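Heads up: the protein sequence lines correspond to chains Y and B, in order. The C-terminal position of the first sequence is numbered 437 in my numbering, with every residue numbered one higher than the one before it. The C-terminal position of the second sequence is numbered 437 in my numbering, with every residue numbered one higher than the one before it. For each residue, glycine too, the CB sits at the ideal point set by N, CA and C. Note that the structure is a prediction, hence the values are computed from the model and not measured.
Number of protein chains: 2
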Amino acid sequence: MSAAPLKIGLLGLGTVGQGVIRVLQRNADEITRRVGRPVVVTHASARDTSKAREVSLDGITIVADPMQIAAGADVDVVVELIGGTTTARDLVLAAIARGKPVVTANKALLALKGNDVFGAAREQGVMVGFEASVAGGIPVIKAIREGLAGNRIEALAGIINGTCNYILTQMTEKGQAFADALADAQRLGYAEADPTFDVEGVDAAHKLTILASIAFGMPLNFDAVAVEGITRVTPQDIKIAQALGYRIKHLGIAKRTPDGVELRVHATLIPEDKLIAKVDGVLNTVLLQGDAVGQMGLYGRGAGGDATASAVVADIVDVARSLGSEARHHVPALAFQPDAVVELPILPLEQVSSAHYLRLNVADQAGVLKAVTGILAEFDISIEAILQKEPRGGDDATVAVITSVVTEARFVDAVSRLLALPFVREDISRFRVEHF
Amino acid sequence: MSAAPLKIGLLGLGTVGQGVIRVLQRNADEITRRVGRPVVVTHASARDTSKAREVSLDGITIVADPMQIAAGADVDVVVELIGGTTTARDLVLAAIARGKPVVTANKALLALKGNDVFGAAREQGVMVGFEASVAGGIPVIKAIREGLAGNRIEALAGIINGTCNYILTQMTEKGQAFADALADAQRLGYAEADPTFDVEGVDAAHKLTILASIAFGMPLNFDAVAVEGITRVTPQDIKIAQALGYRIKHLGIAKRTPDGVELRVHATLIPEDKLIAKVDGVLNTVLLQGDAVGQMGLYGRGAGGDATASAVVADIVDVARSLGSEARHHVPALAFQPDAVVELPILPLEQVSSAHYLRLNVADQAGVLKAVTGILAEFDISIEAILQKEPRGGDDATVAVITSVVTEARFVDAVSRLLALPFVREDISRFRVEHF
């Protein structure tokens with residue numbers, strides 16, 4: 002226990018950065034007992050170096066320029082918590098270039114430039130830890146990359162954006178409209194002032210990119226992800242889904258098929274009795290399907306200073322252990338040996354097969370249901386469930402169906418035909434359905 | 002990829018042993034891509050070497066005496082799947098003695114003799130992997146030992162015996178009596194012919210011993226676990242619990258308190274809206290409470306050849322990576338550095354505090370409720386929920402209460418006083434309640 006402390010250089014002193022300092026300080030004894038040496042933040046960078054923080058910065062050299070730490074400071078590990086993909090990339094590459102292992106929570110950086118980052122790390126033989134980049138404190142990267150190493154992973158699906166999950170949960174429990182639930186989320190700090198990245202699905206797509214890569218052994222390919230958010234979800238759809246036995250969740254889904262890998266992020270109907278449908282509020286969850294393990298899942302806090310710090314510190318501990326050992330003894334960054342990470346064909350969305358939820362508003366007249374079901378039958382689409390609501394006081398009637406599994410292209414064609422019917426209003430709603 | 006294969010010596014060719022061979026064969030390409038070299042079973046032992054198996058044994062040297070492999074065969078890793086605590090111990094220690102890393106699924110061995118096993122492994126500087134010993138394919142050991150390494154783990158609770166969970170689920174869903182649900186479980190292969198170890202809680206206690214040790218950094222201490230099974234659970238209690246908003250699950254619970262560590266295994270009422278209450282059938286789940294991560298959980302298949310093989314192979318992959326590196330680069334067996342694993346005081350069950358469910362059958366006469374509530378009040382026990390059922394056709398009335406949190410000793414005293422009341426029948430039922 003008398004070994005020299007492991008020196009951490011922290012880039013960024015925001016919520017997560019302060020969380021890392023707080024956790025390392027509070028659990029110093031516990032962590033020393035695990036690692037065999039103390040782990041201490043010796044350097045940190047902050048845009049405003051004089052700002053008061055909630056944690057003690059005693060003994061930490063604070064600098065304004067993170068590059069001073071990444072490229073120069075006497076540290077053993079560089080922890081990047083600045084975010085973004087430009088400065089952060091330069092910092093991470095600078096640290097790697099001088100042989101320093103890096104721990105980062107930056108999903109955007111990895112999803113967009115991870116192949117470069119991991120390539121550089123490989124050349125230098127240093128580790129890059131990124132458990133904190135997906136699902137906060139939940140060790141899902143470790144579960145996939147190490148815990149399920151014996152499996153051929155067939156599919157994964159996750160609630161990996163807490164903002165979306167909070168908004169959808171509020172809409173479900175309180176019947177709120179999207180805009181109202183979003184406003185509440187912003188007031189509570191669960192959504193950013195500009196919530197676009199979260200509610201449009203971009204953040205979830207970053208995370209899905211990372212999960213798919215380590216699950217299937219393919220390079221990071223953010224551009225291949227089909228991305229939809231939750232802005233089109235209405236309280237009406239949520240209620241109809243409930244009546245049919247489903248919950249609406251925003252999921253990231255990666256699936257192997259004989260024709261290619263599906264990579265998609267969208268609001269999804271899930272049977273209400275599945276555990277994944279019951280993970281509410283800001284919680285995250287990831288469901289994994291392996292050929293040996295079957296279905297297994299993890300759930301927990303996907304965000305927050307302490308929860309994200311939990312993952313950052315776990316990575317620091319892993320890195321601490323690896324220091325001084327050869328790269329062949331390390332867990333490969335993308336789960337597979339670098340020369341075994343291979344491009345896999347990505348299935349275009351039009352070719353993706355899934356069940357669908359379709360809600361139509363229709364004029365209240367005879368023969369509507371017959372016409373709708375007739376067109377679906379023409380496209381060889383079966384109806385697994387149907388709900389028709391009587392119009393109230395001159396309103397349109399509502400018809401909602403859950404279809405059989407059908408390709409996106411065929412379903413889109415069928416919807417076009419339905420929209421051409423004179424009594425079908427333009428205001429339709431459709432979401433994919435996953436039964437797991 | 003042209004590196005020499007990793008040679009596995011498999012002790013035991015039962016369900017899990019065959020699962021390991023099947024998974025290694027089926028996923029040979031995937032595993033080679035992860036490890037950087039093929040992983041091949043070269044030797045296996047079986048009591049009956051001539052028996053036909055469901056997997057191909059081509060290229061595997063089959064012997065009757067496992068010690069031939071443990072102590073002599075040219076293998077890189079010894080995988081112990083024989084079970085029991087005598088022969089298995091000798092085999093594991095023999096393998097360790099000649100510097101071979103060991104992977105085992107044997108919870109009884111580790112719970113009872115793990116301190117010896119890990120001590121020997123430490124001396125030789127070899128790894129002992131035991132992910133498969135708890136919760137089958139769910140990587141819960143890895144989650145605690147590595148994924149939550151930054152946390153002070155405060156508590157854990159798990160459904161870690163699939164037989165118990167299957168029986169309780171059947172009793173809940175079908176209203177079956179314990180004996181009938183057990184008979185069904187036996188018919189389906191979810192319970193052994195002699196189910197004692199499972200239904201009396203011993204198997205769960207073995208697993209809890211292991212989880213508590215790696216969560217809190219203390220030696221394995223099976224004898225300190227307070228063990229109860231599920232044989233006292235009745236359909237009546239399950240129904241009353243449901244009416245009060247609870248499910249009855251068999252849990253292993255380990256908790257830090259200021260006065261010592263709680264280690265207990267028993268049937269437990271859990272609020273029905275908690276995720277852990279919704280993990281049904283043969284599934285396992287473990288809920289972890291860390292100071293940084295908050296609450297997080299894992300769930301999945303806790304048994305079965307392929308699911309358990311998933312964990313065994315994951316350990317093999319970890320061991321494969323570590324071969325040739327110094328012990329200081331390995332994850333310590335019990336999560337903490339060996340010299341930092343310290344005895345912690347164990348709280349005697351009498352001092353454990355929890356809420357309680359108490360069901361009394363009482364003669365149908367005036368003043369009963371007043372007397373019962375009066376005695377509980379005397380012991381300073383509040384009633385959080387109460388349900389009184391009218392007698393039907395001359396039967397006794399039923400009174401069930403959920404109490405406030407109270408020490409076991411005080412609750413037992415109160416129950417004695419209640420039993421002394423002339424109108425209270427001997428047939429009472431009581432279970433602890435956890436609200437998480």
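> Between the C-alpha atoms of residue 235 of chain Y and residue 407 of chain Y, what's the straight-line distance to the nearest angstrom?
Replying inline: Counted from its first residue, the first sequence places residue 235 of chain Y at position 234. Counted from its first residue, the first sequence places residue 407 of chain Y at position 406. For residue 235 of chain Y and residue 407 of chain Y, the distance between alpha carbons rounds to 24 Å.
> Name the chain Y residues that come within less than 7 Å of residue 315 of chain B, Cβ to Cβ?
Replying inline: Indexing the second sequence from 1 puts residue 315 of chain B at position 314. Within chain Y, the residues near residue 315 of chain B are 147, 148, 149, 150 and 151.
> So, using beta-carbon positions, are residue 294 of chain B and residue 183 of chain B closer together than 9 Å?
Replying inline: In the second sequence, counting from the first residue as 1, residue 294 of chain B sits at position 293. In the second sequence, counting from the first residue as 1, residue 183 of chain B sits at position 182. Cβ distance not < 9 Å, so residue 294 of chain B and residue 183 of chain B don't count as in contact.
> From the beta carbon of residue 77 of chain Y, is the nearest beta carbon of chain B less than 9 Å away?
Replying inline: One-based indexing of the first sequence puts residue 77 of chain Y at position 76. Chain B, which has no Cβ nearer than 9 Å to the Cβ of residue 77 of chain Y, makes this no.
> Thinking C-beta only, is residue 93 of chain Y closer than 9 Å to residue 320 of chain Y?
Replying inline: Walking along the first sequence from the start, residue 320 of chain Y turns up at place 319. Walking along the first sequence from the start, residue 93 of chain Y turns up at place 92. Contact flag unset, no.
> What residues from chain B crowd round residue 143 of chain Y, counting only those whose CB sits closer than 8 Å?
Replying inline: One-based indexing of the first sequence puts residue 143 of chain Y at position 142. Under the 8 Å cutoff, chain B gives 140, 143, 144, 147 and 148.
>> Taking 9 Å as the threshold (beta carbon to beta carbon), is residue 10 of chain Y in contact with chain B?
In response: Position 9 of the first sequence holds residue 10 of chain Y. No, residue 10 of chain Y does not count as interfacial toward chain B.
> Residues in its own chain within less than 7 Å of residue 12 of chain Y by CB, not counting five upstream and five downstream?
Replying inline: As a working note, residue 12 of chain Y is residue 11 in the first sequence. Closer than 7 Å at Cβ, skipping near neighbours: 46, 67, 70, 71, 79, 80, 81, 82, 83 and 92.
> For residue 275 of chain B, which residues of its own chain have a beta-carbon under 6 Å away from its beta-carbon, when the five flanking residues on both sides are left out?
Replying inline: If you number the second sequence from 1, residue 275 of chain B lands on position 274. The residues are 437.
> Per the contact definition of three or more C-beta pairs closer than 8 Å, is the segment 322-329 of chain Y in contact with the segment 202-210 of chain Y?
Replying inline: no
>> Suppose you measure from the CA of residue 60 of chain Y to the CA of residue 185 of chain Y; what does that come to, to the nearest Å?
In response: Here residue 60 of chain Y corresponds to residue number 59 of the first sequence, with the count starting at 1. Here residue 185 of chain Y corresponds to residue number 184 of the first sequence, with the count starting at 1. If I take the Cα positions, the gap works out to 39 Å.
>> Whether or not the segment 159-169 of chain Y and the segment 352-368 of chain Y are in contact is what I'm after, with contact meaning three or more pairs of Cβ atoms, one per stretch, closer than 8 Å; do they touch?
In response: no
> Can residue 246 of chain B and residue 272 of chain B be called in contact, C-beta distance under 9 Å?
Replying inline: As a first step, residue 246 of chain B is located in the second sequence; it is residue number 245 there, counting from the start. As a first step, residue 272 of chain B is located in the second sequence; it is residue number 271 there, counting from the start. Contact flag set, yes.
> If we call anything under 9 Å between Cβ atoms a contact, is residue 27 of chain B one with residue 337 of chain Y?
Replying inline: By one-based count along the second sequence, residue 27 of chain B stands at place 26. By one-based count along the first sequence, residue 337 of chain Y stands at place 336. The answer is no: Cβ separation not under 9 Å.
>> Give me the subset of the segment 31-47 of chain B whose CB atoms are less than 7 Å from a CB atom of chain Y, sorted by chain position.
In response: 31, 32, 34, 35 and 37
>> Tell me the rounded alpha-carbon separation between residue 417 of chain B and residue 425 of chain B.
In response: Translated into the one-based positions of the second sequence, residue 417 of chain B becomes position 416. Translated into the one-based positions of the second sequence, residue 425 of chain B becomes position 424. About 11 Å.
> For residue 366 of chain B, is the classification buried or exposed, using 16 other Cβ atoms within 10 angstroms of its Cβ as the cut-off for buried?
Replying inline: Within the second sequence, numbered from 1, the residue matching residue 366 of chain B stands at position 365. Exposed is the call here.
> Using the C-alpha atoms, what's the distance from residue 108 of chain B back to residue 433 of chain B?
Replying inline: On the second sequence, position 432 is the one that residue 433 of chain B refers to. On the second sequence, position 107 is the one that residue 108 of chain B refers to. Taking the straight line joining both Cα atoms gives about 25 Å.
>> With a threshold of 9 Å between beta-carbons, can residue 5 of chain Y be considered close to chain B, or not?
In response: The residue labelled residue 5 of chain Y in the question sits at position 4 within the first sequence. So no, residue 5 of chain Y is outside the interface.
>> Residues of the segment 9-28 of chain B in Cβ contact with chain Y at a cutoff of 9 Å, in chain order, please.
In response: 20, 21, 23, 24, 25, 27 and 28
> When the Cα atoms are used, what is the spatial distance from residue 19 of chain B to residue 128 of chain Y?
Replying inline: As a first step, residue 19 of chain B must be located in the second sequence, where it is residue number 18. As a first step, residue 128 of chain Y must be located in the first sequence, where it is residue number 127. Answer to the nearest angstrom: the Cα atoms are 35 Å apart.
> For residue 221 of chain B, which three-state DSSP category applies?
Replying inline: Mapped onto the second sequence, residue 221 of chain B falls at position 220. Looking at residue 221 of chain B - three-state DSSP - the assignment turns out to be coil, as it is neither helix nor strand.
> Can you name the residues of chain Y whose CB is closer than 9 Å to the CB of residue 295 of chain B?
Replying inline: Translated into positions along the second sequence, residue 295 of chain B becomes position 294. Those are 138, 301, 302, 305, 307, 308 and 311, listed as they occur along chain Y.
>> Quick test of your reading: residue 200 of chain Y and residue 210 of chain Y, contact by CB under 8 Å. State the CB separation rounded to the nearest angstrom.
In response: Residue 200 of chain Y sits at position 199 when you count from the first residue of the first sequence. Residue 210 of chain Y sits at position 209 when you count from the first residue of the first sequence. 18 Å between Cβ atoms; not a contact.
> What residues from chain B crowd round residue 276 of chain Y, counting only those whose CB sits closer than 8 Å?
Replying inline: For the purposes of this step, residue 276 of chain Y is taken as the residue at position 275 of the first sequence. Residues of chain B passing the Cβ test: 276, 279, 280 and 300.
> What separation, rounded to the nearest whole angstrom, lies between the Cα atoms of residue 7 of chain Y and residue 152 of chain B?
Replying inline: Start at 1 with the first residue of the first sequence, and residue 7 of chain Y comes out as number 6. Start at 1 with the first residue of the second sequence, and residue 152 of chain B comes out as number 151. Roughly 17 Å between the two C-alpha positions.
> What is the DSSP secondary structure of residue 355 of chain B, reduced to helix, strand or coil?
Replying inline: The count along the second sequence starts at 1 and reaches residue 355 of chain B at position 354. Three-state DSSP puts residue 355 of chain B in a strand.
>> I need the DSSP call for residue 412 of chain B, collapsed to helix, strand or coil.
In response: For the purposes of this step, residue 412 of chain B is taken as residue 411 along the second sequence, with counting starting at 1. Residue 412 of chain B falls in the helix class under three-state DSSP.
> At least one CB of chain Y closer than 9 Å to the CB of residue 329 of chain B: is that the case?
Replying inline: One-based indexing of the second sequence puts residue 329 of chain B at position 328. By this cut-off, residue 329 of chain B is an interface position.
> What is the rounded straight-line gap between the Cα of residue 58 of chain Y and the Cα of residue 310 of chain Y?
Replying inline: As a working note, residue 58 of chain Y is residue 57 in the first sequence. As a working note, residue 310 of chain Y is residue 309 in the first sequence. Taking the straight line from one Cα to the other gives about 16 Å.
> Is the CB of residue 132 of chain Y under 9 Å away from at least one CB in chain B?
Replying inline: To locate residue 132 of chain Y, count along the first sequence from 1; it is residue 131. Yes, because at least one Cβ of chain B sits closer than 9 Å to the Cβ of residue 132 of chain Y.
>> Taking 9 Å as the threshold (C-beta atoms), are residue 412 of chain B and residue 376 of chain B in contact?
In response: Here residue 376 of chain B refers to the residue found at position 375 when the second sequence is read from its first residue. Here residue 412 of chain B refers to the residue found at position 411 when the second sequence is read from its first residue. Contact: no.
>> Taking the beta strand (DSSP E) that residue 380 of chain Y belongs to, which residues open and close that run?
In response: For the purposes of this step, residue 380 of chain Y is taken as the residue at position 379 of the first sequence. Run containing residue 380 of chain Y: none; DSSP gives neither H nor E here.
>> Please identify the residue among B:170, B:116, B:98 and B:101 whose C-alpha is closest to the C-alpha of residue 342 of chain B.
In response: Locating residue 342 of chain B in the second sequence gives position 341, where the first residue counts as 1. With distances taken between Cα atoms, residue 342 of chain B lies closest to B:116.
> What are the residues of the segment 338-365 of chain Y that lie near chain B, defined by any Cβ-Cβ distance shorter than 9 Å?
Replying inline: 338, 340, 341, 342 and 343
> Which residues mark the beginning and the end of the beta strand (DSSP E) in which residue 324 of chain Y is found?
Replying inline: Along the first sequence, one-based indexing puts residue 324 of chain Y at 323. Premise fails: residue 324 of chain Y is in no beta strand (DSSP E) and is neither H nor E.
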